[in-house]
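A.B. asks: Residue numbers (the numbering used here), protein chains in the order written: chain Y, 2 to 316; chain D, 71 to 359.
Idealized CB from N, CA, C, for every residue including glycine.
This is the structure:
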């Protein structure tokens, strides 16, 4: 039977399938055994209690849903006292997503979250509905470097950095995060989107803009994972449109060490466990002994690496 | 083995009669089989599903999260939450009464006997009957009556008397009168078409029921206007109450915070998740919509 375990820096995941932050909570234990998952990823926590954005918070489009939640939560004190213990009842490592609008507060939050039951800090520097200097630091390399430098200095916990697909050049931003001391990169957050109702000419979401959540993200994010994994030495976790075991395989072939899942778990609450079981069967059927054999195993050495050049010279 | 992208992600669900992979879980993802899906009037349909026995644990006010087929070729991305209309434990049947309005329910309307239908649940906190209540009043409008119907079943089983006030636009779309009456409920129909659904008249009916000692508790669903009326009368006479609330939903498990509504508790406004904190809430805490 295949060994599904993967290493993300100093952390071992029993399999490469984790939920995406914001799409998961310990309450899913009602329907699946959380001990089956590769990791547990808590909803992004901020310092102060927040109610979140006005409703409606979700609208369906032709190609997926857009949503804008606004990082609701009860604040860091409540989180450490009441939410962390809920996750601590389960075996997989706890990855705590955190966000702030200022570099100083971001670092302070990371320090305060460095408690024994927290295994990984995931710096959500890419909330799509925040601006580039106020939380969405991942839009620019210099903002990314500064905020990750500060967080790195504040904690010894493994530090994963969640990047934005809305940035112009995600490779440069990934390199900035690596240089600042990130232990892994999470690619990517949602795509900033808009839907306008034609009956009343109003934006469909209460917060106007939202992030696109859809299987349609997979080919785009897969390309980003491929490009980033080529140039960084730290592990990459791919998030975007995974709905089945082959999608996990595809992300790993592109260079990801693990994946995060949002949409599929919304649609089928048992999906994550199904995907883990199917991945195991997929590997066993092909005689793959360790799932890590798939990481970066895409066979493209004989192909032009610069697709723009390839297109311009013709065939 | 086959891992076709088109059908893979529903394969995790339990089919009727299939071995239960996760029997210790409170909630499951099931594939029910449609037994009947008939129109009850021009706008509403009644679906009867044969379901896995674990889905039969549902109680009044809880809901299932339904993976609706597409009515138009484009994907229906998210599940649709729908409160249960009736649970038939002896017959292993779940029933839904629904208005064909949006893309999800229009897709659901296309299903026929023998078709499979993926549902997750039962979810949420349902209605609660306190031991001291001998007579309750349920006041519903439109499809809200479907949500209140199993409460009457629950009350009938507990020997609690029910008066059901059924509000509708016109006589043709009054629903569930026979179901309520069949459970021994006294029914009063109020209509827009003859003006009897006006707040003043419904208020007079509620006051009469209180005077007759038929109102130990109030229950409502389906109308913000009727919610506000019931809140006012309940406060005046110190009658406890519960309201079932709807909202656009994504996960159904309390994780995503899409389905929040505003509530006011001790003068402080807050947001609660309809899926997890509800869908049944304290009558006086709901703010309306």
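Could you check what DSSP says for residue 311 of chain D in three-state terms: helix, strand or coil?
C.D. replies: strand
A.B. asks: Any idea what DSSP makes of residue 152 of chain Y, helix, strand or coil?
C.D. replies: helix
A.B. asks: Between the Cα of residue 139 of chain D and those of D:172, D:337, D:161 and D:283, spot the shortest distance and give me the residue it belongs to.
C.D. replies: D:172
A.B. asks: Could you have a look at residue 301 of chain Y and say whether DSSP puts it in helix, strand or coil?
C.D. replies: coil
A.B. asks: Could one say the Cβ of residue 251 of chain Y lies closer than 7 angstroms to chain D's Cβ atoms, at least one of them?
C.D. replies: Not one chain D Cβ lies under 7 angstroms of residue 251 of chain Y.
A.B. asks: Residues of the segment 88 to 105 of chain D in Cβ contact with chain Y at a cutoff of 9 angstroms, in chain order, please.
C.D. replies: Per Cβ criterion, the list reads 91, 92, 94, 95, 96, 97, 98 and 99.
A.B. asks: In the DSSP assignment, what residue or residues form a beta bridge with residue 225 of chain D?
C.D. replies: Listed as beta-bridge partners of residue 225 of chain D by DSSP are no residues whatsoever.
A.B. asks: Quick one: Cα of residue 236 of chain D to Cα of residue 293 of chain D, how far?
C.D. replies: 11 angstroms
A.B. asks: Check whether chain Y comes within 7 angstroms of residue 327 of chain D, counting only Cβ atoms and requiring the distance to be less than that.
C.D. replies: At least one chain Y Cβ lies under 7 angstroms of residue 327 of chain D.
A.B. asks: Given this structure, state the Cα-to-Cα distance separating residue 104 of chain Y from residue 111 of chain Y, to the nearest angstrom.
C.D. replies: 11 angstroms
A.B. asks: Less than 7 angstroms between CB atoms is the rule here; does residue 187 of chain Y satisfy it with respect to chain D?
C.D. replies: Taking 7 angstroms as the CB threshold, residue 187 of chain Y stays off the interface with chain D.
A.B. asks: Closer than 7 angstroms between beta carbons: that is the criterion. Which residues of the segment 175 to 209 of chain D meet it against chain Y?
C.D. replies: Taking 7 angstroms as the upper bound on Cβ-Cβ separation, chain Y lies near residues 190 of the segment 175 to 209 of chain D.
A.B. asks: Leaving out five residues before and five after residue 266 of chain Y in sequence, what residues of the same chain have Cβ atoms less than 7 angstroms from its Cβ?
C.D. replies: Cβ neighbours of residue 266 of chain Y beyond the five flanking positions: 20, 24, 25, 272 and 273.
A.B. asks: So the beta strand (DSSP E) residue 163 of chain D belongs to, where does it begin and stop?
C.D. replies: 163 to 169
A.B. asks: Which residue wins for smallest C-alpha separation from residue 229 of chain Y, given the options Y:260, Y:175 and Y:221?
C.D. replies: Y:175
A.B. asks: Got a sec: which bits of the segment 131 to 162 of chain D sit with their beta carbon under 9 angstroms from any beta carbon on chain B, in order along the chain?
C.D. replies: Chain labels in this structure do not include chain B; the protein chains are Y and D.
A.B. asks: What does residue 323 of chain D reach in chain Y if we use C-beta pairs closer than 8 angstroms?
C.D. replies: 26, 28, 29, 31, 32 and 270
A.B. asks: If you count every other CB in all the chains shown that lies within 10 Å of the CB of residue 337 of chain D, and 16 or more means buried, which is it?
C.D. replies: exposed
A.B. asks: Return the residues of the segment 52 to 75 of chain Y that lie within a Cβ-Cβ distance of less than 7 angstroms from chain D, sorted by chain order.
C.D. replies: 52, 53, 56, 57, 58, 59, 61, 63, 65, 66, 68, 70 and 73
A.B. asks: Could you tell me which chain D residues have their CB closer than 9 angstroms to the CB of residue 23 of chain Y, listed as they occur along the chain?
C.D. replies: 325, 326 and 327
A.B. asks: If you draw a straight line from the C-alpha of residue 256 of chain Y to the C-alpha of residue 288 of chain Y, how long is it?
C.D. replies: 20 angstroms
A.B. asks: Skipping 5 residues on each side, what residues in its chain have a beta carbon closer than 8 angstroms to that of residue 12 of chain D?
C.D. replies: Residue 12 of chain D falls outside the range modelled here, since chain D spans only 71 to 359, and no answer is possible.
A.B. asks: Given 8 angstroms as the limit, is there contact between the segment 217 to 236 of chain Y and the segment 140 to 151 of chain Y, that is, 3 or more CB pairs closer than that?
C.D. replies: The count of Cβ pairs closer than 8 angstroms, one atom from the segment 217 to 236 of chain Y and one from the segment 140 to 151 of chain Y, stays below three, leaving the stretches out of contact.
A.B. asks: Following a CB-centred definition, is residue 197 of chain Y positioned closer than 6 angstroms to any heavy atom of the ligand SAM?
C.D. replies: The model depicted lacks the ligand SAM and carries no ligand whatsoever.
A.B. asks: Suppose you measure from the CA of residue 79 of chain D to the CA of residue 53 of chain Y; what does that come to, to the nearest Å?
C.D. replies: Caution applies to residue 79 of chain D, whose pLDDT of 46 falls short of 50 and renders its modelled position unreliable; the model cannot decide the point.
A.B. asks: Suppose you measure from the CA of residue 225 of chain D to the CA of residue 88 of chain D; what does that come to, to the nearest Å?
C.D. replies: Going from the Cα of residue 225 of chain D to the Cα of residue 88 of chain D covers about 33 angstroms.
A.B. asks: Looking at chain Y, which residues of the segment 345 to 359 of chain D have a Cβ within less than 7 angstroms of any of its Cβ atoms?
C.D. replies: 346
A.B. asks: For residue 341 of chain D, go through chain Y and note every residue whose CB falls closer than 8 angstroms to its CB, in chain order.
C.D. replies: Neighbours of residue 341 of chain D on chain Y, chain order: 52, 53 and 73.
A.B. asks: Is the beta carbon of residue 164 of chain Y sitting closer than 7 angstroms to the one on residue 171 of chain Y?
C.D. replies: It is a contact, given that the beta carbons lie within the stated cut-off.
A.B. asks: In chain Y, what lies closer than 7 angstroms to residue 313 of chain D by C-beta?
C.D. replies: Residues of chain Y passing the Cβ test: none, with the nearest at roughly 18 angstroms.
A.B. asks: Does DSSP put residue 202 of chain Y in a helix, in a strand, or in coil?
C.D. replies: coil
A.B. asks: Given that a residue counts as buried once 16 or more other Cβ atoms are within 10 Å of its Cβ, and exposed if not, what is residue 117 of chain Y?
C.D. replies: exposed
A.B. asks: Could you name the residues that DSSP lists as bridge partners for residue 71 of chain Y?
C.D. replies: Beta-bridge pairing links residue 71 of chain Y to no other residue.
A.B. asks: Cutting at 6 angstroms between CB atoms, please list the residues of its own chain near residue 85 of chain D, excluding the five before and the five after it.
C.D. replies: 101
A.B. asks: Write down every uninterrupted run of the alpha helix (DSSP H) in the segment 20 to 88 of chain Y whose length is 4 residues or greater and which is fully enclosed by it, in chain order.
C.D. replies: 76 to 79
A.B. asks: At the level of alpha carbons, what is the spacing between residue 156 of chain D and residue 242 of chain D?
C.D. replies: 22 angstroms
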